[in-house]
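In what follows, a single structure is set out as structure tokens and then discussed.
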Amino acid sequence: MKIETELMRGAGPVAVLKLLSGREMYGYELVEALGRESNGTLAMGESTLYPLLYNLEAKGMIEGTWREATSGRDRKYYRLTRKGKGRLVKDTRQWQALVQAMRTLEIIPPVGGREVPA
Amino acid sequence: MSADALPTPPTDHSLLYRMSYTPLRDALRGRWTTSLDYRRALAAAGLPAALDALVRQVVEKTGLWRREKVDVARELIAHFRDGLDRGAEPEKLIVAFGNLAIAVKLIR
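Those protein sequence lines, which keep their order, are chains B and C.
One point on numbering: in our numbering, the residue at position 39 of the first sequence is 39, and numbering is uninterrupted.
One point on numbering: in our numbering, the residue at position 14 of the second sequence is 1014, and numbering is uninterrupted.
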């Protein structure tokens, strides 16, 4: 399902921060992981991901470092900063509150309940 | 020029070119590295013509400072090289890249 741009604007950054909370990753890895680990829901093209990474880096949420990969080529690896960890915790709480509100409104079914058919 | 022919790397070796594209710290040490010219990195990367052209378009349209252009070019080069190493076709990588205009607008 293609997610509306406005919704992705909020979900994209926190998804990236979450992925980087596990380990550092480089751009291509992030593109693949976003698609794979969200079953395609949060898949985004590089035209969206790289500006998002630059934005997060400019805000100090992540830090990029160029290193030589095993292939011998240079890659920019991104890692979560302390500020980014704090932002991830804050955003996670907000998303949990949002999901709970949507459950209360029965937009999202309660745990164990049935989803609205597509 | 055939579809597979790549643009030739910069051949300008004039003092003005070298001064314009060399970081000050290198110039002060007498090293005219011209490392601020992203076109050299792009030429060295040897990407297929279509990907080379895409990187050029993105970098040029952002209107960023030279150092920033080099950073953007390096990252896109690394990304596309990773894709090619995984066996992806250039055309597929271009489609996966997404909307050029959006990328340029967001990078600015």
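We treat Cβ as the ideally placed atom computed from N, Cα and C, and that holds for glycine.
inquiry  = Is Lys18 of chain B close to the ligand ATP? I mean its beta-carbon at under 8 Å from any heavy atom of the ligand.
reply    = Among the ligands in the structure shown, none appear at all, so the ligand ATP cannot be discussed.
inquiry  = Using beta carbons (cut-off 9 Å, strictly below), is Leu1051 of chain C in contact with chain B?
reply    = no
message = Counting only Cβ-Cβ distances shorter than 7 Å, please list the residues of the region 1076-1108 of chain C near chain B, keeping chain order.
response = So the list reads Ala1078, His1079, Arg1081, Asp1082, Gly1083, Asp1085, Ala1096, Phe1097, Gly1098, Asn1099, Leu1100, Ile1102, Ala1103, Leu1106 and Ile1107, given in the order they occur along the chain.
query = Using the beta-carbon of each residue, which ones in chain B are nearer than 9 Å to Arg1074 of chain C?
reply = Trp66, Asp74 and Lys76
ask   = Which residues, in chain order, does the region 38-59 of chain B contribute to contact with chain C at a C-beta distance below 7 Å?
value = Among the residues of the region 38-59 of chain B, those with a Cβ less than 7 Å away from any Cβ of chain C are Gly45, Glu46, Ser47, Thr48, Tyr50, Pro51 and Tyr54, in the order of the chain.
message = Which residue marks the beginning of the alpha helix (DSSP H) containing Trp123 of chain B, and which one marks its end?
response = In the structure displayed, chain B extends from 1 to 118; residue 123 of chain B sits before or after that span and is not available.
query = How about Met44 of chain B and Gly12 of chain B: are their beta carbons less than 9 Å apart?
reply = yes
message = Along the chain, where does the alpha helix (DSSP H) containing Ile62 of chain B start, and where does it finish?
response = Careful: Ile62 of chain B lies outside any alpha helix (DSSP H), inside the beta strand (DSSP E) at Ile62 to Glu68.
key: Pairwise C-alpha distance: Ala1049 of chain C and Leu1006 of chain C   = In this prediction, Leu1006 of chain C has a pLDDT of 47, which is less than 50 and means its spatial position is unreliable; what the coordinates show is noted afterwards. The alpha-carbon atoms of Leu1006 of chain C and Ala1049 of chain C are separated by roughly 5 Å.
query = For the candidate residues C:Arg1039, C:Ala1073, C:Leu1024 and C:Tyr1021, whose alpha-carbon lies nearest to that of Ala1103 of chain C?
reply = C:Ala1073
task = Give the residues of chain C in contact with Gly27 of chain B, contact being defined as C-beta atoms less than 8 Å apart.
result = Glu1075, Ala1078, His1079 and Asp1082
ask   = Using a Cβ-Cβ distance under 9 Å, would Val16 of chain B count as near chain C?
value = no
ask   = Mapping DSSP to helix, strand and coil, what is Asp1026 of chain C?
value = helix
task = Check Asp1085 of chain C in the structure and name its three-state DSSP category.
result = helix
inquiry  = What residue range does the alpha helix (DSSP H) around Arg9 of chain B cover?
reply    = Its alpha helix (DSSP H) spans residues Thr5 to Gly22.
request  = Compute the distance between the beta-carbons of Val1059 of chain C and Leu1100 of chain C, then report whether it is under 9 Å.
outcome  = no
key: Exposed unless 16 or more other CB atoms sit within 10 angstroms - verdict on Gly1083 of chain C   = Classification of Gly1083 of chain C: buried, given that the 10 Å Cβ count is 16 or more.
Chain-order list of residues whose beta-carbon lies under 7 Å from that of Met1001 of chain C (same chain, five-residue window excluded) = Bear in mind that a pLDDT of 39 at Met1001 of chain C, under 50, signals an unreliable position, so the model cannot answer this.
ask   = In three-state DSSP terms, what is Lys59 of chain B?
value = coil
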